[in-house]
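Numbering (the working numbering), first residue to last: 6 to 343. Just so you know, even glycine gets a beta-carbon here, dropped at the ideal spot from N, CA and C. One structure below.
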């Protein structure tokens, strides 16, 4: 019925091509490819579209190729100037370095594919002015980036971020998908659970983590200039702009590792509940003397472990009060072999 309606009550049947037969291994035969507006080959066994058999579909607006067996796409795909919706979920496709040619693209779905979001692809995506990032990726990989300020769009489906050897001084988060959100809503990585950052010597803080309410694992290592995890001044500025003063970070954090951060002085400016935290590790963070803990932090303190390196560092901790010290000191253990 849906196809019948979409084809103008059956008058233009070839405007919508839907072939979802798992036994289909080749592009279906269509008399007038130039009339096709929407095509779905999801769930078929098609492994490739050769250049010779690549159809000419200048009016195509929707192309759904998820769950197919394709590992690469024909060059002709970048000529689809009218394309608005592209689904490559759970395919074997590894590269989309031509994606900026699809200037009208509004939705791009790559979750479960072999495409990883690196800096090259991010530059391509940022050229797409109409793109809504909602379902693009679940993993972000950044390595050897030279930009001083890297602008990261908030993506609801992003689950893992790995930033390594980023030489810039700041990471800014912008809301790329304002649909169904008020103009003052803060950007949010609602599904981000894993963040690993290493050898990022230009960064001073990681305040953007404030917008990761479901983060469970955080590892930050070998970043020589990092002074704060969440900057009080930057956080205050962002929250003021969004008329929001109730954001409490790390509610779902279970594991945090901080290693070789010689300038780190603060994780957060006040005590946090850390309702699910089970493991806290600090190594070679000589200037970190104040921890965001009080006597009410961490519900199940008997299941909590704190790994550290030096007895001298433990003795230098500035506790919120004696009750906090007595609550957490038994949880400390030194790493035996560095």
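At the C-beta level, residue 125 and residue 102 come within 8 Å of one another.
For residue 165, the secondary structure class from DSSP, reduced to helix, strand or coil, is strand.
Secondary structure at residue 92: strand, using DSSP grouped into helix, strand and coil. Beta-bridge partners of residue 203 (DSSP): 169 and 226. For residue 154, the enclosing beta strand (DSSP E) has its first and last residue at 154–159.
Put simply, of 52, 84 and 61 the residue whose alpha carbon is nearest the alpha carbon of residue 70 is 52.
Apart from sequence neighbours up to five positions away, no residue of its chain approaches residue 108 with a beta-carbon distance below 6 Å. Three or more beta-carbon pairs separated by less than 8 Å link the region 206–215 to the region 173–180, which places the two stretches in contact. Straight-line measurement puts the Cα of residue 153 at about 20 Å from the Cα of residue 266. Going by C-alpha positions, residue 204 is about 7 Å away from residue 226. Here residue 268 has 229, 230, 231, 232 and 292 as same chain residues with Cβ atoms under 8 Å from its own Cβ, once five neighbours each way along the sequence are excluded.
Runs of alpha helix (DSSP H) with 4 or more residues, each lying fully within the region 223–297, are found at 237–246, listed in chain order. Taking C-beta atoms under 8 Å as the contact rule, residue 104 and residue 130 qualify, at a distance of about 7 Å.
Taking 8 Å as the cut-off, the Cβ atoms of residue 261 and residue 223 count as close. Rounded to the nearest whole angstrom, the CA to CA distance from residue 323 to residue 216 is 28 Å. Its chain contains 93, 98, 99, 100, 101, 126 and 142 as the residues whose beta carbon lies nearer than 8 Å to that of residue 120, once the 5 sequence neighbours on both sides are disregarded; these appear in chain order. Residues of the same chain with a CB within less than 7 Å of the CB of residue 276, apart from the 5 flanking positions on each side, are 297, 298, 299, 302 and 325 in chain order. The C-beta distance from residue 219 to residue 197 rounds to 7 Å, short enough to meet the 8 Å contact threshold. Burial is judged here by how many other beta carbons sit within 10 angstroms of a residue's own beta carbon; residue 328 has fewer than 16 and is exposed. Here residue 259 really is in contact with residue 282; their C-beta atoms are around 6 Å apart, less than 8 Å. Taking C-beta atoms as the reference points, residue 65 and residue 88 count as a pair closer than 8 Å. Annotation for residue 311: the continuous beta strand (DSSP E) segment containing it runs 310–313. Each residue's CA atom was taken as its position, placing residue 257 and residue 320 some 28 Å apart. Per DSSP, residue 70 has no beta bridge partner at all.
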